[in-house]
Structures are given as structure tokens and as C-alpha cells.
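Engineer: The working numbering puts the sequence shown at residues 1253 to 1464. Heads up, the beta-carbon is just placed ideally off N, CA and C, and yes, glycines get one too.
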Amino acid sequence: MADLQGIAENLIEGRAPQVAALVGGALAGEITPQTILNEGLMVGMDQVGRRFKANEIYIPEVLIAARAMHAGMDVLRPLLAKSGSPTVGRVVLGTVQGDRHDIGKNLVGMLLTGAGFEVTDIGVDAPADRFKEAVKEHKPHIVGISALLTTTMMGMSRTVDVLREAGISEGVKVIVGGAPVTAAYAEEIGADGYAADAASAVDLARQLVGFE
Ligand code: B12
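#1: The ligand B12 and residue 1380: does any heavy atom of the ligand fall closer than 7 Å to the residue's C-beta?
#2: Going by Cα to Cα distance, which pick from 1372, 1256, 1306 is closest to residue 1388?
#3: Considering only residues of the same chain and omitting the five flanking positions on each side of residue 1428, which have a CB-CB separation below 7 Å?
#4: In three-state DSSP terms, what is residue 1300?
#5: Grab me the residues of residue 1366's own chain with a C-beta within less than 7 Å of its C-beta, minus the 5 sequence neighbours each way, in chain order.
#6: Assign residue 1311 to buried or exposed, taking buried as 16 or more other Cβ atoms, counted over all protein chains shown, within 10 Å of its Cβ.
#7: I'd like the ranges of any alpha helix (DSSP H) spanning at least 4 consecutive residues and lying wholly in the segment 1253–1341.
#8: Give the straight-line distance between the Cα atoms of residue 1314 and residue 1359, rounded to the nearest whole angstrom.
#9: Mind checking whether residue 1351 and residue 1317 have CB atoms under 8 Å apart?
#10: Which of the three DSSP states is assigned to residue 1466 in this structure?
#11: May I ask you to list the residues that DSSP assigns as paired with residue 1398?
#12: For the beta strand (DSSP E) holding residue 1373, just list the boundary residues, first then last.
#13: Report whether the distance from the Cβ of residue 1330 to the nearest heavy atom of the ligand B12 is below 7 Å.
#14: Does the distance from the CB of residue 1268 to the CB of residue 1302 come in under 8 Å?
#15: Per DSSP, residue 1378 forms a beta bridge with which residues?
#16: Between the beta-carbon of residue 1355 and the beta-carbon of residue 1405, is there less than 8 Å?
#17: For residue 1349, count the other beta carbons within 10 Å of its own beta carbon; 16 or more makes it buried, fewer makes it exposed. Which is it?
#18: Tell whether a beta-carbon distance below 8 Å holds between residue 1426 and residue 1340.
#19: So, under 8 Å CB-CB, residue 1289 and residue 1263 are touching, yes? Tell me the CB distance rounded to an integer number of Å.
#20: Report the three-state DSSP secondary structure of residue 1445 (helix, strand or coil).
#21: Which whole-angstrom value is the C-beta distance of residue 1258 and residue 1274, which I expect to be below 8 Å?
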């Protein structure tokens, strides 16, 4: 569909205002937010990832594309996060220490919110102690940890250990995700679950709070 392709192309070129406008236009044309996300924004971001990996583009271009992705997500946020259901459970969500990637985490947060969870986002580059303090303060049912770098993945393990040592891991389920993370790694560090994408993260979170 032309609109969706236009969203992907403008995202790759980093044209934030155009991406926001095209997302708005696609919504007006009755394309669902989920389709716009999966077949427009994500297709563009995927292409950015490929070009970055192949050294065809560099960090500034990726950052500008990421800004355009955020501009599109901002338009979708109220719709993806719209929910008639009362709070299904509380979630504390963050990206591990040393890691500043937040697009995937934000998407997970948006879809969880849309599914009726109350999400507290503690941001990027979050040390284990920030997770610990957030758990003490918000008493979540689930802690979600994101990592996009192989070098920061061990921050997940550290966070799980810190929660356990603080004696606050009882009753709190830890879920992990991000491109380099696997189900096997989740099991190895003693996390309660892993999901490969935001929609699966919602299914997993619902299961863990006993909602289905
Ligand atoms: C955008 C981007 C950036 C942007 C980030 C902007 C931002 N605000 O996030 C910028 C330019 C800042 C950046 C910087 C760097 N990046 Co970068 N980046 C990317 C890129 C292109 C896309 C990531 C992304 O947003 N994907 C789209 C989202 C939607 O997907 P996602 O994050 O995977 O999230 C989904 C799932 O993983 C899952 N999920 C995510 N989190 C969670 C959490 C939970 C709890 C659950 C259940 C699920 C879940 O659900 C999400 C939604 O479906 C990737 C390439 C790629 N293909 O992944 C490289 C990539 C991650 N970056 C990479 C690198 C190396 C870097 C730098 C070190 C580069 C440098 N030399 O400085 C720095 C590190 C900065 C830092 N300290 O964090 C490498 C990592 C390699 C590795 N294996 O470690 C990658 C893979 C590129 C590559 N192939 O080389 N990057």
C-alpha cells in the first residue's frame, strides 16, 4: 500500500514531520494502527538497521531515522494505548545500564498500556539499583528489561541478582527482551520469560499475571 511504503521511505530518510503526517493520513484512511506500525514504521526501521549493519549509513542517520520513528509512534501512541479495561497489572520497564536504545522498549510499553497494564518507564541506561528502587516504590507484578547490545545484556543478569539479593524478587516476574536476547539466555539468568516482540510481550505479561 502506497501510504505504508511512503511511511517507511520517509522514516529511512529521517523526515519526522512527513512521517507524522503520513501516519495521520493512513489513520484517516482507516488503516489500523497495528498495520501502520508493522508494515510502515517497522519496515522502515528494519531497513535502517540493515543499512547501518552494512556500513551504508552511520549513527547520525540512524538517530535521525529514530527521531522520525518516534514522531510516527507519537501519533499512534494514544490509539495503541487506548484501553477500556481496568489495570491488568503493574509493570516497571527500562533499558539496562550502558544501553540507550529505547524504541523497542517504548513499543513494548505502549502495547502493554494498550492491553490494560499500568506501566512505569524508568528510561534508558538504567542501573540495577534504579530497577530495585522502582520495584520498591511501584510494587509491580512484572519487571521488563530491554537490551539491544550484546555488551549490555549482562546488565539483565545483574538486575535479576540485585532484585533477588534485596529480597524483593518474590512475586515479581522478570521478563527480558531486545534483539540479542534469547529464551535460552532468559532461562540462564533466571528470568521468568522472554518475548521476541511487543505483541508477544503482551501475551507473556498476561500469562504471568494469570490473566489467561
Ligand atoms: C536505532 C538504533 C540505534 C540508535 C538508538 C536510538 C533510540 N532512541 O533507541 C542509536 C543511533 C542511538 C544507536 C546507537 C548505538 N548502536 Co544501535 N541500533 C539501532 C538499530 C538500527 C535499530 C534498533 C531498533 O530500534 N529497532 C526497532 C525496535 C522496534 O526493535 P527492538 O529494539 O529489537 O525491540 C523489539 C524486540 O526486541 C522486543 N523488545 C525490546 N525490548 C524488550 C523488552 C522486553 C521486556 C520484552 C519482553 C521485549 C522487548 O520488542 C520490541 C518491539 O517489537 C539497531 C539494528 C537492529 N536491527 O536492531 C542497531 C544496533 C542495536 N546498534 C548497535 C550498535 C553497535 C550501537 C552502538 C554501540 C554504535 C556505536 N558504535 O556507538 C551505539 C550504542 C549506544 C548505546 N550506548 O546504547 C548494534 C548492536 C550490535 C550488538 N550485537 O551488540 C545494532 C544491532 C546494529 C548492528 N547490526 O551493528 N543505535
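Structural biologist: On the basis of the coordinates in this document:
#1: no
#2: 1372
#3: 1397, 1408, 1438, 1443, 1446
#4: helix
#5: 1332, 1333, 1334, 1335
#6: exposed
#7: 1254–1264, 1268–1280, 1285–1288, 1294–1305, 1311–1332
#8: 18 Å
#9: no
#10: Since the displayed the chain opens at 1253 and closes at 1464, residue 1466 lies outside it and no answer follows.
#11: 1347, 1429
#12: 1370–1373
#13: no
#14: no
#15: 1348
#16: no
#17: buried
#18: no
#19: 12 Å between Cβ atoms; not a contact.
#20: strand
#21: 5 Å
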